[in-house]
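Heads up, the sequence shown is in our numbering, so the first residue is 192 and it goes up one at a time.
Glycine residues also receive a C-beta, built at the ideal position from the N, C-alpha and C atoms.
Shown next, in structure tokens, is the structure this report addresses.
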Amino acid sequence: MDPRLSILPNKPGVYIMRAKEGTIIYVGKAKNLADRVKQYFQESNLYSRGWKLPSLLPLIAKIDYVTCASERDALVLEEKLIKQYQPFFNSLGKDGKSYPYLKLSMSEDFPRLQMTRRVVRGKDLYFGPYPKSSIVKSLMRFLWKSKYAPLRPCKWNFSREKELDARKINTCIYYHTGQCPAPCTGKISYEDYRALARRMADFLEGNFGNITENITALMKAHSDKMEYEQAAVFRNFLHALSHMKERVLVGRFKDEKITTAMENTDKLKRLAEVIGMHKLPAHIEAFDNSHLFGREAVGCMVCYINGEKNHEHYRRFKIRSKLPERGGSDFAMMEESVYRRLRQIKRDPSQAPDLILLDGGKSQISAALNAYERAGMFIPFISLAETHEGIYLPGAEESIKLPVGDPALNLLMEIRDEVHRFAVTYHRKLRDKAEIHGHQKQEGLIDGKDPAGRDL
192 MDPRLSILPN KPGVYIMRAK EGTIIYVGKA KNLADRVKQY FQESNLYSRG
242 WKLPSLLPLI AKIDYVTCAS ERDALVLEEK LIKQYQPFFN SLGKDGKSYP
292 YLKLSMSEDF PRLQMTRRVV RGKDLYFGPY PKSSIVKSLM RFLWKSKYAP
342 LRPCKWNFSR EKELDARKIN TCIYYHTGQC PAPCTGKISY EDYRALARRM
392 ADFLEGNFGN ITENITALMK AHSDKMEYEQ AAVFRNFLHA LSHMKERVLV
442 GRFKDEKITT AMENTDKLKR LAEVIGMHKL PAHIEAFDNS HLFGREAVGC
492 MVCYINGEKN HEHYRRFKIR SKLPERGGSD FAMMEESVYR RLRQIKRDPS
542 QAPDLILLDG GKSQISAALN AYERAGMFIP FISLAETHEG IYLPGAEESI
592 KLPVGDPALN LLMEIRDEVH RFAVTYHRKL RDKAEIHGHQ KQEGLIDGKD
642 PAGRDL
């Protein structure tokens with residue numbers, strides 16, 4: 192087995208197999224990229240899939256991959272790539288079959304809600320795609336029965352200018368049973384019917400309002416009365432509703448975003464190669480400090496997932512260590528910031544990054560080692576020098592110098608610049624706040640009161 196397969200992440204995504212000349216010959220999806228791709232190279236699986244695998248393996252020269260947020264996202268991206276590139280070994284998926292969408296025909300005066308597998312540009316609204324059509328159909332039936340936004344179920348072609356034939360109206364069971372708002376008869380105005388359509392659009396966009404809570408209450412009420420069939424109907428609706436919430440947003444996978452994801456993967460592969468990591472550093476956390484002669488000293492951390500900023504996991508630390516009165520100590524500040532982050536990770540190991548990056552030179556390596564010793568744990572880390580952009584590894588005397596434009600160096604410099612910006616911004620915020628506080632204290636204006644203690 193190729194040792195390079197060891198850097199594949201244990202995450203959902205799509206793998207793209209290429210021939211020597213770069214042609215895409217197979218595209219597949221996986222819940223776990225590392226496990227799935229390795230299966231191809233296990234001898235026990237070689238003839239388990241007929242002719243395809245023995246024929247495919249000798250042609251594979253390179254495997255690219257794109258990590259996704261979920262298996263559903265991977266499923267839709269796989270379909271998009273298969274349709275775009277038509278790989279030879281993807282015999283399934285070439286028949287043009289696609290996943291279902293819900294179509295709200297806003298191009299009509301009186302819109303309808305339909306299921307379709309074909310998206311056409313225009314005024315109509317499309318929602319999805321949805322990997323399971325059965326659940327979506329179940330949801331449509333419930334919405335119809337509950338009259339949440341009762342749109343006409345018929346396929347008759349009529350408008351404000353073109354009235355529907357009276358004979359067709361007379362044969363409509365939905366009209367006679369009062370299940371349809373019957374815009375064909377003028378029973379509901381054009382404006383009111385369009386409002387129903389907009390309500391349905393809001394719902395399909397995910398604006399569920401209090402509907403989940405209301406349905407849960409109804410389900411519980413029927414269950415308490417031992418009306419289990421009715422309770423099951425509401426339970427199935429909630430299940431369908433959760434499926435709607437988790438629908439795959441195929442728009443997320445624009446061509447340029449696929450390209451960016453592949454470029455980021457190449458950068459991470461190159462970084463792993465440069466620093467000798469046996470796994471892809473998909474989760475990187477970087478640290479930097481900022482202060483003014485030791486005052487308002489802060490440490491900051493930024494997070495990158497798959498080569499992209501993840502603002503949700505940024506962290507800020509007010510330095511608690513006693514620093515020299517004249518000037519700060521970058522060494523002590525870095526040690527404190529890293530140590531406090533390691534304590535958080537120790538409480539919740541799922542937060543652990545694959546790699547830690549320190550902004551600074553060789554001296555910061557010692558600071559991190561002190562923090563690791565205090566915390567009693569270790570995470571791979573490197574330091575990037577500010578002057579000559581050298582990469583320092585623990586225990587190495589010399590730095591690794593990469594040529595300008597190297598993908599790994601570009602990624603490290605981007606992360607280093609981002610954490611520096613974040614630290615300086617936070618420091619300035621605290622410094623400005625301290626200056627305002629000092630001015631108020633000098634003038635006797637503290638906590639919004641004048642020198643006599645009266646409210647301002």
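Nearest-angstrom Cβ-Cβ length linking residue i and residue j, presumed shorter than 8 angstroms
| i | j | result |
| --- | --- | --- |
| E269 | V218 | 6 angstroms |
| Y617 | R507 | 5 angstroms |
| T258 | A473 | 7 angstroms |
| M391 | A340 | 4 angstroms |
| L549 | G498 | Actually they do not touch by this definition, with Cβ atoms about 19 angstroms apart. |
| P571 | L593 | 18 angstroms between Cβ atoms; not a contact. |
| Y292 | F318 | 6 angstroms |
| L471 | I198 | 4 angstroms |
| R622 | E487 | 5 angstroms |
| L462 | L602 | 6 angstroms |
Run of the alpha helix (DSSP H) containing residue i, from where it starts to where it stops
| i | result |
| --- | --- |
| K229 | 224-230 |
| A566 | 554-566 |
| R308 | Per DSSP, R308 belongs to no alpha helix (DSSP H) and is neither H nor E. |
| I198 | Element bounds for I198: n/a, residue is neither H nor E. |
| Y366 | 364-367 |
C-beta atoms of residue i and residue j nearer than 9 angstroms
| i | j | result |
| --- | --- | --- |
| V615 | S520 | no |
| A576 | V529 | no |
| R531 | G490 | yes |
| P203 | K229 | no |
| I591 | Y495 | no |
| L342 | A408 | no |
| E580 | V493 | no |
| P374 | D300 | yes |
| A599 | E476 | no |
| I466 | I582 | yes |
| L272 | M208 | no |
| P344 | R303 | yes |
| L330 | D315 | no |
| W335 | Q370 | yes |
| F279 | I216 | yes |
| A210 | I251 | yes |
Extent of the continuous beta strand (DSSP E) run through residue i
| i | result |
| --- | --- |
| M492 | 486-496 |
| E476 | 474-483 |
| Y290 | Taken as a continuous stretch (DSSP letters only), Y290 belongs to no beta strand (DSSP E), as it is neither H nor E. |
| F508 | 506-509 |
| R534 | Per DSSP, R534 belongs to no beta strand (DSSP E); it is in the alpha helix (DSSP H), 521-538. |
| Q277 | No beta strand (DSSP E) contains Q277, which DSSP labels as neither H nor E. |
| D356 | First-last for D356: undefined, no H or E at that position. |
| Y256 | 253-258 |
| Y206 | 204-209 |
| V595 | Premise fails: V595 is in no beta strand (DSSP E) and is neither H nor E. |
| S574 | 572-575 |
| F318 | 316-318 |
| Y339 | No beta strand (DSSP E) contains Y339, which DSSP labels as neither H nor E. |
| Y217 | 215-221 |
| L549 | 546-550 |
Proximity test, residue i beta-carbon vs the ligand SAH heavy atom, cut-off 8 angstroms
| i | result |
| --- | --- |
| L334 | This structure lacks the ligand SAH, and indeed carries no ligand of any kind. |
Cβ pair count under 8 angstroms reaching 3, the stretch 562-569 against the stretch 419-429: no
contact_flag[the stretch 519-535, the stretch 546-554] where n(CB pairs < 8 angstroms) is 3 or more: yes
In chain order, each alpha helix (DSSP H) run of at least 4 residues that lies wholly inside the stretch 371-410: 381-395
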